[in-house]
Amino acid sequence: MMTAQLVLDSLRPRQKTTYVDKLGLHLPGRLSEQQLNFVRVQSSFAEQFLDLDRRRRGKVLLTVVRPLPAALKILSQLPHSISYLEVALDVSFDDPDHPPKLHALFKEHFVQGWHSRQTGQDNGTTYTGPRMPGRWFTAYSDEPDRNQGHQDCFHIEARHTGARAVSRAGVSSAGDLLTFDHVAFWQSNLQLFCVNLDRLGRFHENRRLRRKRHRSRIEKSGRLRYNVDRSVGAVLFRNHSYNPFLDLFTVDAFVQSYGRGPFLAKLDATNLLP
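Residue numbers (the working numbering): 16 to 289.
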């Protein structure tokens with residue numbers, strides 16, 4: 016734990032930026048050319064398509080990338096529902112070694128609040144879940160940030176697919192994004208943990224033997240003293256934490272296999288938040 020926290024504390028962000036990265040809305044009909052052009056000017060990209068889903072026949076799907084407040088304001092005045100939402104955090108650095116260090120910490124120590132499959136990676140981008148209804152996260156550290164153009168950047172985004180997932184994020188309309196609390200969102204969702212091996216070993220033995228021992232079990236062998244609980248915890252962690260998609264031992268894989276408990280120690284990531 017101390018090693019991961021020390022690495023985290025050594026990172027010195029240059030800038031931290033939160034924003035809406037992408038938005039998918041369903042409309043009862045097409046926007047006028049004037050409306051669409053205004054949204055295009057007030058965003059990085061905007062396009063509308065006929066929705067091919069039979070359940071929404073006749074409706075229009077509007078995709079907007081990095082909308083500015085003016086675009087969100089005009090969209091909030093139109094009848095719509097939101098079926099897709101990406102909120103993002105860019106952490107840029109002056110030191111080019113820091114983004115990959117943060118990305119490595121993310122892969123090994125990020126734990127999400129629900130599980131459907133193990134975290135994987137594709138072309139340098141880390142994915143914490145499948146592309147299906149719900150919420151999952153993606154992260155990478157090999158591209159410039161999308162707003163200021165800083166070369167050395169760690170990017171993480173939360174992807175919400177489906178109206179239910181978007182609603183759970185506290186968003187029911189484009190207008191809600193004008194007052195969306197990005198800092199509170201990332202404080203709740205950028206969760207990095209370590210496993211306290213001593214507490215894990217003690218927790219495991221207490222559960223197995225139905226005891227409530229609070230002190231570490233220390234044994235002697237000649238002049239040597241060793242912590243039995245820590246040794247047991249180390250074996251448990253290694254047996255339950257391997258992620259074959261990342262080829263790493265990760266806390267998230269351990270939680271999926273073994274479960275949660277008082278042995279999970281949260282890392283202090285406040286220096287990453289705006």
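C-beta atoms are modelled at their ideal positions from N, C-alpha and C, and glycine is treated no differently. No experiment lies behind these values; they were computed from the predicted model shown.
ask   = Going by alpha carbons, who is nearest to A173 out of Q127, S156, D191, L193?
value = Numbered from its first residue, the sequence shown carries residue 173 at position 158. Closest option to A173, judged by alpha-carbon separation, among Q127, S156, D191, L193: Q127.
message = Can you look up K31 in the DSSP assignment and give me helix, strand or coil?
response = The residue you call residue 31 lines up with position 16 of the sequence shown. It is a strand residue.
request  = Check whether the stretch 31 to 39 touches the stretch 100 to 113, taking contact to mean three or more Cβ pairs, one atom from each stretch, closer than 8 Å.
outcome  = As far as the Cβ criterion goes, the stretch 31 to 39 touches the stretch 100 to 113, which means the pair count is three or higher.
query = Any idea what DSSP makes of R223, helix, strand or coil?
reply = Position 208 of the sequence shown, counted from the start, is the residue given in the question as residue 223. Residue state, collapsed to three classes: helix.
query = Any contact of the stretch 167 to 182 with the stretch 133 to 151, i.e. 3+ C-beta pairs under 8 Å?
reply = Touching, yes, given that three or more Cβ pairs across the two stretches are closer than 8 Å.
message = If the criterion is Cβ atoms closer than 8 Å, does the pair V79 and S58 meet it?
response = Working through the sequence shown from its first residue, we reach residue 79 at position 64. Working through the sequence shown from its first residue, we reach residue 58 at position 43. At a Cβ-Cβ threshold of 8 Å, V79 and S58 count as neighbours.
query = Which of helix, strand or coil does DSSP assign to R150?
reply = As a position in the sequence shown, residue 150 is number 135, starting the count at 1. Reduced to three states, the DSSP call for R150 is strand.
For D191, three-class secondary structure by DSSP = Within the sequence shown, numbered from 1, the residue matching residue 191 stands at position 176. Three-state result, D191: helix.
key: Run of the alpha helix (DSSP H) containing A268, from where it starts to where it stops   = On the sequence shown, position 253 is the one that residue 268 refers to. For A268, the uninterrupted alpha helix (DSSP H) segment begins and ends at 266 to 272.
ask   = So the beta strand (DSSP E) A173 belongs to, where does it begin and stop?
value = Taking the first residue of the sequence shown as position 1, residue 173 is located at position 158. Counting along the chain, the beta strand (DSSP E) containing A173 begins and ends at 168 to 176.
task = For R253, I'd like the list of residues in its chain whose CB is within less than 7 Å of its CB, leaving aside the five on either flank, ordered along the chain.
result = Position 238 of the sequence shown holds residue 253. Closer than 7 Å at the Cβ level, and outside the excluded window around R253, lie F264.
task = Indicate whether D244 and D213 have their beta-carbon atoms separated by less than 8 Å.
result = On the sequence shown, position 229 is the one that residue 244 refers to. On the sequence shown, position 198 is the one that residue 213 refers to. Going by C-beta atoms, D244 is nearer than 8 Å to D213.
query = Taking buried to mean at least 16 other C-beta atoms within 10 Å of its own C-beta, is R84 buried or exposed?
reply = For this step, residue 84 is matched to residue 69 along the sequence shown. Here residue 84 is Pro; the residue named in the question, Arg, does not match the sequence. A residue is called buried when at least 16 other Cβ atoms come within 10 angstroms of its Cβ; P84 does not meet this threshold and is exposed.
key: Cα-Cα separation, Y142 to F152   = Start at 1 with the first residue of the sequence shown, and residue 142 comes out as number 127. Start at 1 with the first residue of the sequence shown, and residue 152 comes out as number 137. Cα to Cα, Y142 sits roughly 6 Å from F152.
request  = Classify H113 as buried or exposed, calling it buried when 16 or more other Cβ atoms lie within 10 Å of its own Cβ.
outcome  = One-based indexing of the sequence shown puts residue 113 at position 98. H113 is buried by the Cβ-count criterion.
ask   = At what residues does the alpha helix (DSSP H) containing R228 begin and finish?
value = As a position in the sequence shown, residue 228 is number 213, starting the count at 1. Counting along the chain, R228 falls outside any alpha helix (DSSP H), and DSSP gives it neither H nor E.
inquiry  = For V266 and V247, what's the separation of their Cα atoms in angstroms?
reply    = In the sequence shown, counting from the first residue as 1, residue 266 sits at position 251. In the sequence shown, counting from the first residue as 1, residue 247 sits at position 232. Between V266 and V247, the C-alpha separation is close to 16 Å.
query = Can you tell me the Cα-Cα spacing of T194 and R240, whole angstroms?
reply = On the sequence shown, residue 194 is found 179 positions in, with the first residue counted as 1. On the sequence shown, residue 240 is found 225 positions in, with the first residue counted as 1. Inter-residue distance for T194 and R240 is about 57 Å (C-alpha atoms, whole angstroms).
message = I'd like to confirm the pairing. Which residues does DSSP put opposite A103 in its beta bridges?
response = By 1-based counting over the sequence shown, the position of residue 103 is 88. According to DSSP, residue pairing for A103 in a beta bridge involves Y34, E172.
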